[in-house]
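One structure is given here, and the rest of the page talks about it.
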Amino acid sequence: MSTRTVATLVSAGIASILLAAPSQAGGFNRGIANLDPLYYTTGFGLTSSITYVSPARSFSSVSGGRIVAGRPGAFTQGETDIVEDFAVPSVTVGGRVVGDLSCAGSYTQPYGVEANYDGPIRFNIAQQKLDTDEYGLTCGYGFDLSKGRLMLIGGVFYETVDFTQARDFSQAFGTVGTSRIKVESEDVGYRLGVGYEIPEIALKAQLLYRSETNHDATGEYYNTPFATLATLTGLTPRQAAAIYGNAMATSASTSATLPQNLEFSLQSGIAPGWLAFGSVKWTDWSVLKRIELVEGIANQTFSSTNFYFEDGWTVTGGVGHKFNDKLGASVSVTWDKGVTTGWDTLTDTWSFGGGVAYDFSDKFQLRAGGAAIYFTDGDKDKVANALDYTATSDNEWGYALSLSGALKF
13 MSTRTVATLV
23 SAGIASILLA
33 APSQAGGFNR
43 GIANLDPLYY
53 TTGFGLTSSI
63 TYVSPARSFS
73 SVSGGRIVAG
83 RPGAFTQGET
93 DIVEDFAVPS
103 VTVGGRVVGD
113 LSCAGSYTQP
123 YGVEANYDGP
133 IRFNIAQQKL
143 DTDEYGLTCG
153 YGFDLSKGRL
163 MLIGGVFYET
173 VDFTQARDFS
183 QAFGTVGTSR
193 IKVESEDVGY
203 RLGVGYEIPE
213 IALKAQLLYR
223 SETNHDATGE
233 YYNTPFATLA
243 TLTGLTPRQA
253 AAIYGNAMAT
263 SASTSATLPQ
273 NLEFSLQSGI
283 APGWLAFGSV
293 KWTDWSVLKR
303 IELVEGIANQ
313 TFSSTNFYFE
323 DGWTVTGGVG
333 HKFNDKLGAS
343 VSVTWDKGVT
353 TGWDTLTDTW
363 SFGGGVAYDF
373 SDKFQLRAGG
383 AAIYFTDGDK
393 DKVANALDYT
403 ATSDNEWGYA
413 LSLSGALKF
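Just add 12 to wherever you are in the sequence shown, counting from 1, and you've got this note's numbering.
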């Protein structure tokens, strides 16, 4: 099996794996930094990709409590779409720097979610949006062994977080509108790992650890002047202002930890023109228990969202095949263990992916693929208070599409 054959198969396999990963399961996982340039034998390369995901996740039924004209009430509602479609970009540049030292600069969006809620549950939460950006520099130093090559891997990354949450009080009081909190944070983390490869048989094994990040986020609270609700709630203007606040904007804050993870990946040639690959990834989602947003009007809780996730596990397996000197393809299956403990419906998902890679020349390659994503059913059966809600999600299908290009120079 030639080096060129291996390169084509590896690229086709990676296209499939990347499509399976960002399925909006296993917590809020999205993109993964591409560290392929660490294994280049010579030169540098630039790789860029975009993956579009349509999770198609919804509640089939919802029931719970809300405020109606200032008093607790009950409601039920039918199907409600939740998670929005999203796109995950990724850019990596790197290769051999000098001697046995290789480095890769990378950008991706490791975590994220955007959920918009309809109907009475907008009183509890109308919108929730998490955006993250990761800028990383990772290097590897290789050692030739009696058989194969060992690589020690280390690096740092800079992560930014932008979190928005909104409540729609018009669902409770008729015509008031939405109050919103927007907070931002940043932190630095690190990667450590080890790799081993035998190029002659296309064998490559890698164990990679990514550290957790801790965010003390601050920002602004954009408030509806609740003193105007006095006539609707039956309170005096002074009482309404004391309870709900009367400022239009003030400070806001929250604290949260985003998880560490550990991933083992393995690939190997299994026959002339054929490659098998797989990976197992553990993510410490149990560190994310709740996000409590505090507004600065009266230093009281604006909202408290419970997660209490379990740890996540992602298992992928697949095969790749080289058809000729230019064209390779792969198929894969990924199981992502659900992390829910009853506060949401982030249950198990299965992704069935396929990718193709085409070498236009030794310097330029294009790969594309798609994946069907199956979301298993589940229940949100825990409530924090009398105004919280329960919900059910049925089995559903989503999809993902991806396109990327690699240029070597």
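The beta-carbon is built from N, C-alpha and C at its ideal position, and this holds for glycine as well.
Cβ-based neighbour list, residue i, same chain, cut-off 6 Å, excluding 5 preceding and 5 following
| i | result |
| --- | --- |
| Leu50 | Ser114, Ala116, Gly152 |
| Ala45 | Ser118, Thr120, Gly148 |
| Val327 | Val292, Trp347 |
| Val105 | Leu58, Gly117 |
| Ile213 | Gly281 |
| Ala403 | Phe71, Val74, Lys392 |
| Thr172 | Asp145, Glu198 |
| Ala127 | Ile94, Val95, Gln140 |
| Gly350 | Leu358, Thr359, Asp360 |
| Met163 | Gly152, Gly154, Gly207 |
| Leu339 | Tyr370 |
| Pro271 | Glu224, Thr295, Asp296, Trp297, Val299 |
Cβ separation of residue i and residue j, assumed to be a contact under 8 Å, to the nearest whole Å
| i | j | result |
| --- | --- | --- |
| Gly382 | Ala418 | Not quite, the Cβ-Cβ distance comes to about 19 Å (not below 8 Å), so this is no contact. |
| Gly90 | Ser73 | 6 Å |
| Thr88 | Ser75 | 4 Å |
| Arg78 | Pro132 | 5 Å |
| Leu415 | Ser61 | 7 Å |
| Gly354 | Asp393 | 5 Å |
| Gly390 | Thr352 | 6 Å |
| Glu224 | Thr269 | 6 Å |
| Gln218 | Gly231 | That belief does not hold up - the Cβ atoms of Gln218 and Gly231 are roughly 38 Å apart, past 8 Å. |
| Leu287 | Val345 | At roughly 16 Å, the Cβ-Cβ gap does not stay under 8 Å, so Leu287 and Val345 are not in contact. |
| Leu278 | Phe289 | 7 Å |
| Ile165 | Leu215 | Not confirmed; about 17 Å, so no contact. |
| Tyr233 | Gly308 | 6 Å |
Buried or exposed by the 16-neighbour rule on C-beta atoms within 10 Å, applied to residue i
| i | result |
| --- | --- |
| Ala398 | exposed |
| Val200 | exposed |
| Ala33 | Because the pLDDT of Ala33 is 44, which lies under 50, any placement of that residue in the model is unreliable, and the number read from its coordinates should be weighed accordingly. Its Cβ being crowded by 16 or more others within 10 Å, Ala33 is buried. |
| Lys375 | exposed |
| Thr150 | buried |
| Gln312 | exposed |
| Ala37 | Residue placement at Ala37 cannot be trusted, given a pLDDT of 49 that sits under 50; the coordinates are not used to answer. |
| Ser405 | buried |
| Lys159 | exposed |
| Phe175 | buried |
| Ala396 | exposed |
| Gly111 | exposed |
| Thr63 | buried |
| Asn336 | exposed |
| Ser373 | exposed |
Opening and closing residue of the beta strand (DSSP E) in which residue i lies
| i | result |
| --- | --- |
| Gln377 | 376-387 |
| Ile303 | 302-307 |
| Pro101 | 98-110 |
| Tyr51 | Here Tyr51 belongs to no beta strand (DSSP E), and DSSP marks it neither H nor E. |
| Ser197 | 190-210 |
| Glu408 | 408-420 |
| Asn226 | 225-234 |
| Phe276 | 273-283 |
| Thr402 | 401-405 |
| Lys293 | 286-295 |
| Arg222 | 215-222 |
| Asn397 | Per DSSP, Asn397 belongs to no beta strand (DSSP E) and is neither H nor E. |
| Tyr64 | 56-66 |
| Gly117 | 113-120 |
| Tyr320 | From DSSP, Tyr320 is part of no beta strand (DSSP E); its letter is neither H nor E. |
| Thr361 | 361-371 |
Cutoff 7 Å; reference residue i; Cβ partners in own chain excluding five residues on either side
| i | result |
| --- | --- |
| Gly43 | Pro34, Val100, Ser102, Thr120, Gln121, Pro122 |
| Ser315 | Ile137, Gln177, Arg179, Leu305 |
| Lys301 | Phe319, Tyr320 |
| Ile303 | Thr266, Ala268, Thr317 |
CB contact check: residue i to chain C, cutoff 8 Å
| i | result |
| --- | --- |
| Ser263 | Note that chain C does not occur in the displayed structure, where there is just one protein chain. |
Cβ-heavy atom distance, residue i to the ligand FMN, below 7 Å
| i | result |
| --- | --- |
| Leu413 | Summarising the ligand content, the structure contains no ligands, and the ligand FMN is consequently not present. |
Cβ-based neighbour list, residue i, same chain, cut-off 8 Å, excluding 5 preceding and 5 following
| i | result |
| --- | --- |
| Asn407 | Tyr386, Phe387, Thr388, Asp389 |
| Phe421 | Gly55, Phe56, Gly57, Leu58, Lys375 |
Worksheet entry | Length-filtered (3 minimum) beta strand (DSSP E) runs lying within the region 324-348 | The region 324-348 contains these whole beta strand (DSSP E) runs: 324-334, 339-348.
Worksheet entry | 3 or more residues per run - each beta strand (DSSP E) lying fully within the region 127-184 | Qualifying beta strand (DSSP E) stretches, in chain order: 139-156, 161-180.
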